[in-house]
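A quick write-up on the structure given underneath.
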Amino acid sequence: MPFGIIILVSLILVAIAGVLFLIACMAAALEPLLWWAGWSRRSAVTLLPLDLPADDDPPEPDVDSYLVYLSGAGTMDPAMMEEKERQFIELLRSRLPRSVLITDVFPYSATNNPQLGERRLARLWRYAWQARNTRRRNFFQWLSVHAQQLRNSLQVAVSGDRRYGPILSYGVAQVIVAGLLRHGYRLGSDKPVILAALSGSGQISVGCVPILRRLLRRPIWIASIGGILTDDPGILETEHVYHLSGSLDNTQHMPRFFFPGVWPIFTQSAINRARRQGKITVFDVGPMKHMRQGDYMSRSATLPGGQRYVDKTVDVLTEIVARIELGAPAVMSRPEGAVPDGWVSEPRVGLVLRSLREKAEGV
Numbered sequence: 003m004p005f006g007i008i009i010l011v012s013l014i015l016v017a018i019a020g021v022l023f024l025i026a027c028m029a030a031a032l033e034p035l036l037w038w039a040g041w042s043r044r045s046a047v048t049l050l051p052l053d054l055p056a057d058d059d060p061p062e063p064d065v066d067s068y069l070v071y072l073s074g075a076g077t078m079d080p081a082m083m084e085e086k087e088r089q090f091i092e093l094l095r096s097r098l099p100r101s102v103l104i105t106d107v108f109p110y111s112a113t114n115n116p117q118l119g120e121r122r123l124a125r126l127w128r129y130a131w132q133a134r135n136t137r138r139r140n141f142f143q144w145l146s147v148h149a150q151q152l153r154n155s156l157q158v159a160v161s162g163d164r165r166y167g168p169i170l171s172y173g174v175a176q177v178i179v180a181g182l183l184r185h186g187y188r189l190g191s192d193k194p195v196i197l198a199a200l201s202g203s204g205q206i207s208v209g210c211v212p213i214l215r216r217l218l219r220r221p222i223w224i225a226s227i228g229g230i231l232t233d234d235p236g237i238l239e240t241e242h243v244y245h246l247s248g249s250l251d252n253t254q255h256m257p258r259f260f261f262p263g264v265w266p267i268f269t270q271s272a273i274n275r276a277r278r279q280g281k282i283t284v285f286d287v288g289p290m291k292h293m294r295q296g297d298y299m300s301r302s303a304t305l306p307g308g309q310r311y312v313d314k315t316v317d318v319l320t321e322i323v324a325r326i327e328l329g330a331p332a333v334m335s336r337p338e339g340a341v342p343d344g345w346v347s348e349p350r351v352g353l354v355l356r357s358l359r360e361k362a363e364g365v
């Protein structure tokens, strides 16, 4: 085949891909908009009022906190996690026996409709799910897997958009409240609610915080695991954001390219104001990647001391939950050169918590 024809065909394919990408971007906000307008097949979701009455029934005596886990953009259905993520959840649950761990929220839908649920593209997403479990993928399998991740990633962009983000945030916040109530939470409870957000759900959780604060009338904490944090104003209403940062995780810094508000020169942006107010604590958890082998849930990669990456991640999350339950101060001094300027780092939180426990026990 002549070289010129190969170039022409390649350009045509690139143009088609570009057009399809633009269509996907423009259509990303349709799902929450159709739900809000009542034109969705799942529009029966009831809008919760912002003045929910408090429940007189007390929470369970053996519950110290509620941890809502929101998975990354690669998730398709909370009920069908990959083995690595499922083992991470079980390890976290075993380390937090006095916390209620909620994992049935799909944060990339205003109606909690997973990609493998009732959707017009359900066949495509089921094909992508099967392709993810295939070692050697053909072109169409590879394309379907990346289309699935693109779909959820675009919902993260919608969440960060000031025009459409509040609609998606309201829907996801309702889903979170419903999940809390399903798992025994009582309105008016003084037990802390923590959103454990992986990857793209970091931005979505920040967008939900203002609504959750009004629905629950309680402060909300975020534990971000390599989360995407933009300049969403919701970060100023978050009680505190604890961010686990892997040194080899470049994806967490993607907002620098799409949200200029995260740049230090925009000093009045929400995230920069949150940094100055000490609302963000960054944990340097080592040379972890964003996904695949060597990520925050990796069971094969180890730190220099021999600790598995997944154990390190669970250890830090456990300490964060303990700190919140004990009401410990969130901000500690930053070791020089540990993290970028404007962020607060706390690599020795375990020592602080140990002393707090000793004080609480009267040691």
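For what it's worth, the working numbering labels the leading residue of the sequence shown as 3, then goes sequentially.
Positions of the beta carbon are idealized from the N, C-alpha and C atoms, including for glycine.
Between residue i and residue j, what straight-line distance do the alpha-carbon atoms span, to the nearest angstrom?
| i | j | result |
| --- | --- | --- |
| F409 | I14 | Residue 409 lies beyond the residue range present for the chain, which begins at 3 and ends at 365; the question has no answer from this structure. |
| F259 | S101 | 37 angstroms |
| A124 | L156 | 18 angstroms |
| P212 | M78 | 26 angstroms |
| Q295 | P289 | 12 angstroms |
| R165 | D234 | 12 angstroms |
| G186 | L32 | 33 angstroms |
| S12 | V21 | 14 angstroms |
| N154 | F23 | 13 angstroms |
| R139 | L218 | 46 angstroms |
| V177 | P306 | 40 angstroms |
| W1 | G6 | What the structure shows of the chain is the stretch from 3 to 365, and residue 1 is not part of that stretch, so it cannot be assessed. |
| E239 | W144 | 40 angstroms |
| G76 | R275 | 31 angstroms |
| G40 | F285 | 42 angstroms |
| Q117 | W127 | 6 angstroms |
| P262 | F268 | 8 angstroms |
| M28 | L152 | 13 angstroms |
| L231 | M82 | 26 angstroms |
| G202 | S271 | 20 angstroms |
| H292 | T320 | 20 angstroms |
| P337 | Q254 | Low local confidence applies: a pLDDT of 33 at P337 is under 50, so the model's placement there is unreliable, with the coordinate-based value given in what follows. Taking the straight line joining both Cα atoms gives about 21 angstroms. |
| G308 | V70 | 29 angstroms |
| I282 | M299 | 22 angstroms |
| W37 | N115 | 11 angstroms |
| Q150 | V158 | 13 angstroms |
Comparing C-alpha positions only, which one of the options sits nearest to residue i?
| i | options | result |
| --- | --- | --- |
| V287 | G280, V318, R137, G308 | V318 |
| V312 | L246, G280, M78 | L246 |
| G229 | D297, G40, N140 | D297 |
| E85 | E327, R301, Y68, A19 | R301 |
| K193 | Y68, Q279, L22, A324 | Y68 |
| D251 | Y172, L214, L200, V147 | L200 |
| S191 | G202, R220, S96 | R220 |
| P99 | L328, G329, A324 | A324 |
| G236 | H292, P168, K291 | P168 |
| V160 | S271, Q270, V174 | V174 |
| K314 | L189, L93, H255 | L93 |
| T113 | Y172, I196, L189, F142 | Y172 |
| A133 | R122, H148, E120 | H148 |
| G248 | W37, A303, S146 | A303 |
| L328 | D66, V316, I282 | D66 |
| L35 | L189, E120, L170, R310 | L170 |
| L197 | A30, L72, F142 | L72 |
Taking all protein chains shown into account, do 16 or more other C-beta atoms lie within 10 angstroms of the C-beta of residue i, making it buried, or fewer, making it exposed?
| i | result |
| --- | --- |
| N135 | exposed |
| L18 | The question names Leu, but residue 18 in the sequence shown is Ile. It counts as exposed. |
| I9 | exposed |
| R137 | exposed |
| P80 | buried |
| G74 | buried |
| D64 | exposed |
| P4 | exposed |
| R277 | buried |
| I25 | exposed |
| V16 | exposed |
| S96 | exposed |
| E120 | exposed |
Which residue marks the beginning of the beta strand (DSSP E) containing residue i, and which one marks its end?
| i | result |
| --- | --- |
| F285 | 282-286 |
| A225 | 222-227 |
| L197 | 195-200 |
| Y244 | 242-247 |
| V177 | V177 -> not in any beta strand (DSSP E); alpha helix (DSSP H) instead, spanning 167-184. |
| L36 | Run containing L36: none in the beta strand (DSSP E); it sits in the alpha helix (DSSP H), 32-39. |
How is the alpha helix (DSSP H) around residue i delimited, first residue to last?
| i | result |
| --- | --- |
| V70 | First-last for V70: 67-72, but that is the beta strand (DSSP E), not the alpha helix (DSSP H). |
| H148 | 141-162 |
| S302 | Note, S302: premise wrong, no alpha helix (DSSP H); not H, not E. |
| V107 | Careful: V107 lies outside any alpha helix (DSSP H) and carries neither H nor E. |
| T315 | 311-328 |
| I7 | 5-29 |
| R129 | Before going further, note that residue 129 is Tyr rather than Arg in the sequence given. 124-134 is the extent of the alpha helix (DSSP H) around Y129. |
| R275 | 272-278 |
| G308 | Neither: G308 is in no alpha helix (DSSP H) and is coded neither H nor E. |
| S203 | 203-218 |
### Message
Could you check whether the segment 218-226 touches the segment 238-252, counting it as contact only if at least three pairs of C-beta atoms, one from each stretch, sit closer than 8 angstroms?
### Response
Output reads yes: the segment 238-252 touches the segment 218-226.
### Query
If you pair each beta-carbon of the segment 95-109 with each one of the segment 180-195, do three or more pairs fall below 8 angstroms?
Judged by Cβ distances under 8 angstroms, the segment 95-109 makes contact with the segment 180-195, as three or more pairs qualify.
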